[in-house]
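Residue numbers (the numbering used here): 163 to 384.
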């Protein structure tokens with residue numbers, strides 16, 4: 163599989179070129195277009211996806227090429243795209259930042275900490291494992307923080323894109339930080355190295371907390 167990331171950094175798109183017999187798994191809402199030689203099939207076998215998106219609603223779609231063809235993908239928010247190559251290791255990703263992955267990568271969403279890490283409705287923490295290329299997206303620009311063993315770093319969870327498996331984390335609710343749709347405090351994640359964290363300059367949670375009070379209906383304060 164070959165890839166090209168175009169229109170960086172603000173409105174990035176991912177163009178994948180598949181050879182015959184190759185396939186790639188992508189977030190179900192990321193499709194822009196694909197060649198007639200490529201077939202798609204939704205994945206509806208992951209229970210955590212049903213819990214997050216509703217029964218029968220797939221989180222991901224598989225694109226398989228009978229003959230050489232292309233698949234064009236774009237993330238839901240304006241921002242950038244980057245690749246990460248897994249080498250029989252784990253990478254934890256906010257589900258709204260997952261874009262695509264090669265077939266050698268497995269998905270898992272059930273592990274300690276999943277319920278408390280994400281505050282945005284419909285989002286969850288995704289574990290990628292195995293070997294192959296994964297493509298992730300950011301809302302805004304991407305920053306990379308590399309932690310030495312024992313080094314700590316605190317991040318608003320809405321700004322987290324991904325972090326490597328060796329990185330430990332603990333999540334705290336903090337008064338004084340807004341969260342969408344309720345009066346509770348926001349969430350901060352305290353990470354401890356060694357490992358790497360990828361951050362995004364904008365937060366989908368912050369966007370939601372601004373939108374909800376300004377939408378007509380029960381959330382409106384006008």
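Just so you know, even glycine gets a beta-carbon here, dropped at the ideal spot from N, CA and C.
If you run the structure through DSSP and keep just helix, strand and coil, what is residue i?
{"i": "residue 327", "result": "coil"}
{"i": "residue 257", "result": "helix"}
{"i": "residue 271", "result": "coil"}
{"i": "residue 263", "result": "strand"}
How would you call residue i, buried or exposed, if buried means at least 16 neighbouring beta carbons within 10 angstroms?
{"i": "residue 378", "result": "exposed"}
{"i": "residue 201", "result": "exposed"}
{"i": "residue 293", "result": "exposed"}
{"i": "residue 366", "result": "buried"}
{"i": "residue 322", "result": "buried"}
{"i": "residue 259", "result": "buried"}
From the DSSP secondary-structure annotation, give me the bridge partner or partners of residue i.
{"i": "residue 233", "result": "178 and 196"}
{"i": "residue 246", "result": "296"}
{"i": "residue 168", "result": "175"}
{"i": "residue 334", "result": "350"}
{"i": "residue 361", "result": "305 and 322"}
{"i": "residue 289", "result": "254 and 270"}
{"i": "residue 227", "result": "200"}
Of all Cβ atoms in chain C, is any one closer than 9 Å to the Cβ of residue i?
{"i": "residue 239", "result": "Looking at the structure shown, chain C is missing, and only one protein chain is on hand."}
### Message
Closer than 8 Å is the cut-off here; do at least three beta carbon pairs connect the stretch 221 to 241 with the stretch 175 to 186?
### Response
The answer is yes - the stretch 175 to 186 touches the stretch 221 to 241, with three or more Cβ pairs under 8 Å.
### Contact the stretch 245 to 259 vs the stretch 297 to 309: 3+ CB pairs below 8 Å
With a cut-off of 8 Å, the stretch 297 to 309 and the stretch 245 to 259 count as touching, because enough Cβ pairs lie within range.
### Message
Taking contact to mean 3 or more Cβ pairs, one atom from each stretch, closer than 8 Å, check whether the stretch 260 to 270 and the stretch 326 to 334 are in contact.
### Response
The stretch 260 to 270 is not in contact with the stretch 326 to 334.
### Query
Can at least three beta-carbon pairs, one atom from the stretch 235 to 242 and one from the stretch 185 to 199, be found at a separation below 8 Å?
Yes: at least three Cβ pairs fall under 8 Å.
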